[in-house]
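A short write-up of the structure that comes next.
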Amino acid sequence: MPSKKGGDGIKPPPIIGRFGTSLKIGIVGLPNVGKSTFFNVLTNSQASAENFPFCTVDPNESRVPVTDERFDFLCQYHKPASKIPAFLNVVDTAGLVKGAHNGWGLGNAFLSHISACDGIFHLTRAFEDITHAEGRVDPIRDIEIIHEELQLKDEEMIGPIIDQLEKVVVRGGDKKLKPEYDIMCKVKSWVIDQKKPVRFYHDWNDKAIEVLNKHLFFTSKPMVYLVNLSEKDYIRKKNKWLVKIKECGALELKFYCSDKHTTSKRHMIFF
Numbered sequence: 064m065p066s067k068k069g070g071d072g073i074k075p076p077p078i079i080g081r082f083g084t085s086l087k088i089g090i091v092g093l094p095n096v097g098k099s100t101f102f103n104v105l106t107n108s109q110a111s112a113e114n115f116p117f118c119t120v121d122p123n124e125s126r127v128p129v130t131d132e133r134f135d136f137l138c139q140y141h142k143p144a145s146k147i148p149a150f151l152n153v154v155d156t157a158g159l160v161k162g163a164h165n166g167w168g169l170g171n172a173f174l175s176h177i178s179a180c181d182g183i184f185h186l187t188r189a190f191e192d193i194t195h196a197e198g199r200v201d202p203i204r205d206i207e208i209i210h211e212e213l214q215l216k217d218e219e220m221i222g223p224i225i226d227q228l229e230k231v232v233v234r235g236g237d238k239k240l241k242p243e244y245d246i247m248c249k250v251k252s253w254v255i256d257q258k259k260p261v262r263f264y265h266d267w268n269d270k271a272i273e274v275l276n277k278h279l280f281f282t283s284k285p286m287v288y289l290v291n292l293s294e295k296d297y298i299r300k301k302n303k304w305l306v307k308i309k310e311c312g313a314l315e316l317k318f319y320c321s322d323k324h325t326t327s328k329r330h331m332i333f334f
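Read in this note's numbering, the sequence shown has 273 at position 210, and its numbers run on one by one without any break.
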């Protein structure tokens with residue numbers, strides 16, 4: 064018989080972030096991976112998409128309706144006077160480079176644009192015919208660069224937050240902020256000491272999620288991975304990097320899924 068708590072005992076990861084019908088997702092990747100082209104296709108826009116680094120300096124933004132058969136059915140059934148569907152704000156950001164957390168490239172501006180997003184499209188490339196910012200094509204390395212930069216930026220943010228809370232709670236004796244201080248110490252242990260993204264911790268409670276939403280950590284944002292292939296490789300569904308990218312995603316999947324039973328249910332999140 065199933066447990067009283069229902070289901071098969073699998074605990075899903077907590078949902079961090081806000082709920083709404085107008086969420087924002089940013090397209091993130093190194094220069095020259097095809098972010099602006101993807102943005103144009105997704106949003107039916109005409110943003111500049113040239114084959115040189117930092118073609119995009121100021122972010123492009125467009126709104127895309129989210130189609131939902133359930134919404135269409137309800138509108139047809141109830142015949143409301145007005146229809147307001149859910150939509151997604153898509154942001155095409157400047158390319159991120161190694162050292163962005165220290166302000167290299169367009170780092171600080173780029174990171175400020177991503178901070179305001181609810182989720183991330185992480186775009187990497189596996190085609191050869193355009194100059195790569197790192198000198199050669201290696202999507203695994205590119206993924207790791209983005210991960211590292213977002214992780215380092217979170218580490219940079221956490222220190223001052225804890226210092227400020229420590230002044231008030233530990234030295235000032237303010238007990239009201241003690242729960243937030245304890246939560247931030249746990250965040251520090253997870254992100255800085257264990258070097259893991261915020262979203263991979265499965266035991267955040269409601270209060271912790273409230274604190275995380277307040278600070279908008281980069282590694283707390285849900286991430287969808289996209290691989291940009293050449294037309295030839297896309298048609299034949301073959302590329303030497305696809306197996307390696309899948310292996311890389313499998314490692315991340317171990318952290319995302321709490322046990323072996325969740326792995327088979329969630330692999331499509333990453334591939």
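Even glycine gets a Cβ: it sits at the ideal position worked out from N, Cα and C.
Beta strand (DSSP E) segment containing residue i, residue limits
i: Ser125; result: Asn123 to Pro128
Beta-carbon spacing of residue i, residue j below 9 Å
i: Ile88; j: Gly182; result: yes
i: Gln214; j: Val254; result: yes
i: Ile246; j: Asp155; result: no
i: Leu151; j: Leu86; result: yes
i: Ala144; j: Pro128; result: no
i: Ile206; j: Tyr140; result: no
i: Ile177; j: Phe281; result: yes
i: Leu240; j: Val250; result: no
i: Arg126; j: Thr106; result: yes
i: Ser293; j: Pro260; result: no
Spatial distance of residue i from residue j (CA atoms)
i: Ile272; j: Ile79; result: 6 Å
i: Ile209; j: Val160; result: 8 Å
i: Lys238; j: Pro202; result: 47 Å
i: Pro223; j: Arg204; result: 30 Å
i: Glu211; j: Glu218; result: 10 Å
i: Trp267; j: Arg299; result: 43 Å
i: Leu279; j: Leu137; result: 34 Å
i: Gly235; j: Glu229; result: 8 Å
i: Gly168; j: Lys277; result: Low local confidence applies: a pLDDT of 49 at Gly168 is under 50, so the model's placement there is unreliable, and no value is given.
i: Pro116; j: Pro94; result: Per-residue confidence for Pro116 stands at a pLDDT of 49, beneath the threshold of 50, marking its modelled position as unreliable; the derived number appears in the next sentence. Cα to Cα, the separation comes out at about 5 Å.
i: Arg199; j: Glu191; result: 8 Å
i: Val104; j: Asn123; result: 13 Å
i: Cys248; j: Asp256; result: 11 Å
i: Ile221; j: Asp269; result: 20 Å
i: Lys98; j: Gly92; result: 7 Å
i: Lys258; j: Lys146; result: 45 Å
i: Ser108; j: Val153; result: 11 Å
i: Asp131; j: Cys180; result: 22 Å
i: Phe184; j: Met286; result: 6 Å
i: Asp135; j: Ile225; result: 47 Å
For residue i: DSSP bridge partner residues
i: Met286; result: Ile183
i: Gly89; result: Val154 and Ile183
i: Arg188; result: Asn291
Buried versus exposed call for residue i [16 or more other C-beta atoms within 10 Å across all chains shown]
i: Thr119; result: With a pLDDT of 49 at Thr119, under the threshold of 50, the predicted position of this residue should be treated as unreliable, though the coordinate-derived value follows. With 16 or more Cβ atoms within 10 Å of its Cβ, Thr119 is classed as buried.
i: Val96; result: buried
i: Val290; result: buried
i: Leu174; result: buried
i: Arg133; result: exposed
i: Asn114; result: The pLDDT assigned to Asn114 is 49, lower than 50, so where the model puts this residue is not dependable; a value taken from the coordinates is nonetheless given after this. Per the 10 Å Cβ criterion, exposed.
i: Arg341; result: Limits of the chain in this structure are 64 at one end and 334 at the other, which puts residue 341 out of reach.
i: Gly83; result: exposed
i: Val274; result: buried
i: Tyr264; result: buried
i: Arg262; result: buried
i: Glu243; result: buried
i: Val233; result: exposed
i: Lys142; result: exposed
i: Lys216; result: buried
Continuous alpha helix (DSSP H) stretch holding residue i: start and end
i: Gly222; result: Pro202 to Glu229
i: Ser99; result: Lys98 to Thr106
i: Lys249; result: Lys241 to Lys251
i: Asp269; result: Asp269 to His278
i: Phe281; result: Where Phe281 is concerned, there is no enclosing alpha helix (DSSP H), given that its DSSP letter is neither H nor E.
i: Leu137; result: Glu132 to His141
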